[in-house]
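Below is one structure, written out as structure tokens; comments come after it.
Number of protein chains: 2
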Amino acid sequence: MSRSAMTKTLLLAMAAALLAPAAAAASAPTPTEILAAAPAEDWARIDPADLLVIDLTKGGRVVIALADAFAPVHLANIRLLARSGWFDGVSVVRVQDNYVVQWGVPNEAPKPLPPGIVKPAPAEYERPARGLAFTSLAYSDSFAPIVGYSGGFPVAQRGGQAWLAHCYGMVGVARDIAPDTGTGQELYTVIGQAPRALDRNIAVVGRIVAGMELLTALPRGTADLGFYAQPVQRTGIAHIRLASDLPIEQRPAIEWLRPESGGFKAWVHARANRQDAFYGRPAGAIDLCNALPPVRSIP
Amino acid sequence: MSRSAMTKTLLLAMAAALLAPAAAAASAPTPTEILAAAPAEDWARIDPADLLVIDLTKGGRVVIALADAFAPVHLANIRLLARSGWFDGVSVVRVQDNYVVQWGVPNEAPKPLPPGIVKPAPAEYERPARGLAFTSLAYSDSFAPIVGYSGGFPVAQRGGQAWLAHCYGMVGVARDIAPDTGTGQELYTVIGQAPRALDRNIAVVGRIVAGMELLTALPRGTADLGFYAQPVQRTGIAHIRLASDLPIEQRPAIEWLRPESGGFKAWVHARANRQDAFYGRPAGAIDLCNALPPVRSIP
């Protein structure tokens, strides 16, 4: 649906609402239609320098958007590991249902880190809210008094501090007990109900923006914490590279809806207050992790 | 850990807290330890008449606990379909990432329903809260003023009405546009961040209590809404039966933690306020769908 068609639909719906609320409700645009009608300027292309590309040995590509504003030292480590080729040959070692998929070097085969890795990195678990681009979500959250989005990332705030929320598809740095903060050599992504208790306890470094289904559909591990009991069950990772280090024709091109845009606001409102035909009872609410800024590939 | 060992640990932790808060925090029992120490009377065995058993053609079993207190007509339909063998040979037709796995008869091969199916069933999307066994969760929810648990099920309430919440692993009845309410011949389960906007718009009939990982690890469908593009991609279902209709030695034996028990309260509190060594910053909160009453198989 084009933008002008969309506007016409909205106007017709508003007019109809005055005459016949039920009929108007049945013809209200769906969130998907609102998304399709959002103008090009509502979308922001993600810089290839902020995209981490994971190519699986068996084929298939996962792409992570990196959140530099939150964990710069951990991200410098991750970039160094990617550029040095250190990640080549790591594997998915853990898939715990309704929790996380984790990848790195198996415990039985440690691999020396390249020079320049900061260890321990500072505990980059939160940062000052001041100076952060932030758009508030106009609905309440169970975990924090203020929630919203910074770029395509979900953010929570309290007392002037801001942190990335552990929503589905967010990527964090696995670590041992404090004072360890993790080096970035082992990462995980959330594959279930947001485990927000991890917020502010771990460095969150990004969000998966393509290929999530390649990780979520992996068999669950049967050892403790969802680790694979047998090495043969692990999914191999051929390479992890920054998109900006790939030849131009191999770089993924991905954009996400700006949280400050009119399109995003309309989309959130429609998802929180479903008026399209399937829904009889709009929720009147939406959760931070149910309204992550939509992502799409650029042809 | 035995119950007496657990009590000793708690007492030691309480004593230590007076002397050295940090050391006490490091030795606090984990939610897993609390669960292991819960006495037998904190657990309730699920009646085999309330367990729906799905046996996959390729092997593997999924078990659903049925929520009779919420959707009795839909559940009478589902029981009739199970008892008549109607479900034998259906398949998983849809896997949409971060949303649902759905099973039933493919659209291209409709199958007549047995006599006795109520169609349309009443819209059993909520019920009076009065008369419902209910234990409140002492933390706030983004979607409803009152949330908690009834047996092993997550429940939300507003204005004297109660409904089952669309948490990970909850099972609902697929339907078309109203006035259709679904017959029970096609069911789905939630495999991502709780899509609570579906609450009160669909008949929710149960919760998966075993074998969830057999569904969540299925390849995502590539057609619209995650339907499989090719019939060969579907996962076959050999049989769906009530556990009470199986020979005794084939029945699953499953129990869940009573939400009104001391063990459940301690487990929720520990999960919301993590004091074990990994956590430096307890959330002080927990989400309804992060605290579903734990389930375990009885040997």
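Chain order of the listed sequences is S and Y. Position 274, counted from 1, in the first sequence is what this note's numbering calls 274; the numbers after and before it change by one each time, with no gaps. Position 7, counted from 1, in the second sequence is what this note's numbering calls 1007; the numbers after and before it change by one each time, with no gaps. Beta carbons: idealized from backbone N, C-alpha and C, even for Gly. A quick note: this is a predicted structure, and the numbers were derived from the prediction, not measured.
With a threshold of 8 angstroms, are at least 3 pairs of Cβ atoms found where one atom belongs to the region 1095-1103 of chain Y and the other to the region 1117-1132 of chain Y?
no
Using the three-state DSSP reduction, which class does R207 of chain S fall into: helix, strand or coil?
strand
Work out the CA separation of L242 of chain S and P114 of chain S for me, nearest whole Å.
Their backbone Cα atoms lie some 17 angstroms apart in a straight line.
Contact check, G1211 of chain Y vs G1089 of chain Y under 8 angstroms by CB: the rounded distance?
About 19 angstroms separates the two Cβ atoms, so there is no contact after all.
Let me know if I1034 of chain Y comes out buried or exposed under the rule of 16 or more other beta-carbons within 10 Å of its beta-carbon.
buried
Around the C-beta of Q1096 of chain Y, are 16 or more other C-beta atoms found within 10 angstroms, so that it is buried, or is it exposed?
Per the 10 Å Cβ criterion, buried.
Just the chain S side, please: which residues come within less than 7 angstroms of E998 of chain Y by C-beta, in chain order?
Since the first residue shown for chain Y is 1001 and the last is 1299, residue 998 of chain Y is missing from the structure and cannot be characterised.
Could you tell me which of Y:A1037, Y:D1055, Y:A1040, Y:T1030 sits nearest to G1236 of chain Y, measuring between CA atoms?
Looking at the Cα atoms, Y:D1055 is the closest of the given residues.
Could you tell me the distance, in whole angstroms, from the CA atom of A162 of chain S to the CA atom of P128 of chain S?
6 angstroms
L214 of chain S lies in the alpha helix (DSSP H); which residues open and close that run?
212-216
Whole-angstrom Cβ separation of N1201 of chain Y and G280 of chain S, contact assumed at under 8 angstroms?
6 angstroms
Residues of the region 1138-1168 of chain Y in Cβ contact with chain S at a cutoff of 9 angstroms, in chain order, please.
Y1139, S1140, D1141, S1142, F1143, A1144, C1167, Y1168
Could you tell me which chain Y residues have their CB closer than 8 angstroms to the CB of Y279 of chain S, listed as they occur along the chain?
By Cβ distance, chain Y contributes A1197, N1201.
Alpha carbon to alpha carbon, how far is P1259 of chain Y from P1122 of chain Y? Give it in angstroms, no decimals.
Spanning the alpha carbons of P1122 of chain Y and P1259 of chain Y requires a straight line of approximately 29 angstroms.
Residue(s) in a DSSP beta bridge with P1154 of chain Y
Y:Y1149
Candidates Y:S1091, Y:N1290, Y:L1075, of which the one nearest T1057 of chain Y by Cα
Y:S1091
Taking Cβ positions only, does I254 of chain S come closer than 8 angstroms to chain Y?
no
Cutoff 7 angstroms; reference P21 of chain S; Cβ partners in own chain excluding five residues on either side:
With a pLDDT of only 40 at P21 of chain S, under 50, the local geometry of the prediction cannot be trusted, and no value is derived from it.
Whole-Å CB distance - L187 of chain S paired with G169 of chain S, under 8 angstroms assumed:
The Cβ separation is near 12 angstroms, so there is no contact.
Going by the DSSP bridge assignment, what does E126 of chain S pair with across the sheet?
According to DSSP, E126 of chain S bridges with nothing at all.
Give the straight-line distance between the Cα atoms of P145 of chain S and Q230 of chain S, rounded to the nearest whole angstrom.
44 angstroms
For the beta strand (DSSP E) containing G303 of chain S, name the first residue and the last one.
Chain S is shown from 1 up to 299; residue 303 of chain S falls before or after that span and cannot be answered.
Starting from A1065 of chain Y, trace the beta strand (DSSP E) in both directions and tell me its first and last residue.
1061-1066
Between the Cα of T222 of chain S and those of S:V232, S:S84, S:L214, spot the shortest distance and give me the residue it belongs to.
S:V232
Check for me: the beta strand (DSSP E) holding L1198 of chain Y runs from which residue to which?
Where L1198 of chain Y is concerned, there is no enclosing beta strand (DSSP E), given that its DSSP letter is neither H nor E.
Chain Y contacts from the region 170-194 of chain S (Cβ-Cβ distance under 7 angstroms):
I177, A178, G192, Q193, A194
Is it true that the region 29-44 of chain S meets the region 254-274 of chain S, where meeting means three or more beta-carbon pairs spaced less than 8 angstroms apart?
Contact holds: three or more Cβ-Cβ distances are below 8 angstroms.
Within chain Y, partners of N107 of chain S - CB distance below 8 angstroms:
What N107 of chain S touches in chain Y, judged by beta-carbon distance under 8 angstroms, is nothing: the nearest beta carbon there is about 17 angstroms away.
Alpha-carbon spacing of F143 of chain S relative to S1140 of chain Y, whole angstroms:
In a straight line, the C-alpha of F143 of chain S is about 8 angstroms away from that of S1140 of chain Y.
Could you spell out the range, first to last residue, of the alpha helix (DSSP H) harbouring V1268 of chain Y?
1262-1272
R1045 of chain Y, DSSP secondary structure in three states:
Note: R1045 of chain Y maps to strand in three-state DSSP.
Proximal residues to P195 of chain S (C-beta, below 7 angstroms), its chain only, five neighbours per side dropped:
Y99, H166
Pair within 8 angstroms by beta-carbon distance, P1371 of chain Y and A217 of chain S:
Missing from the structure shown is residue 1371 of chain Y; chain Y here goes from 1001 to 1299 and no further.
In whole angstroms, what separates the C-alpha of A156 of chain S from that of F134 of chain S?
When rounded, the distance between both Cα atoms is 10 angstroms.
Run through the DSSP bridge pairs and tell me what A1300 of chain Y is partnered with.
This structure leaves residue 1300 of chain Y out entirely; chain Y is present only between 1001 and 1299.
With C-beta atoms as the reference, is L307 of chain S less than 8 angstroms away from I286 of chain S?
Because chain S in this structure spans residues 1 to 299, residue 307 of chain S falls outside the shown range and cannot be described.
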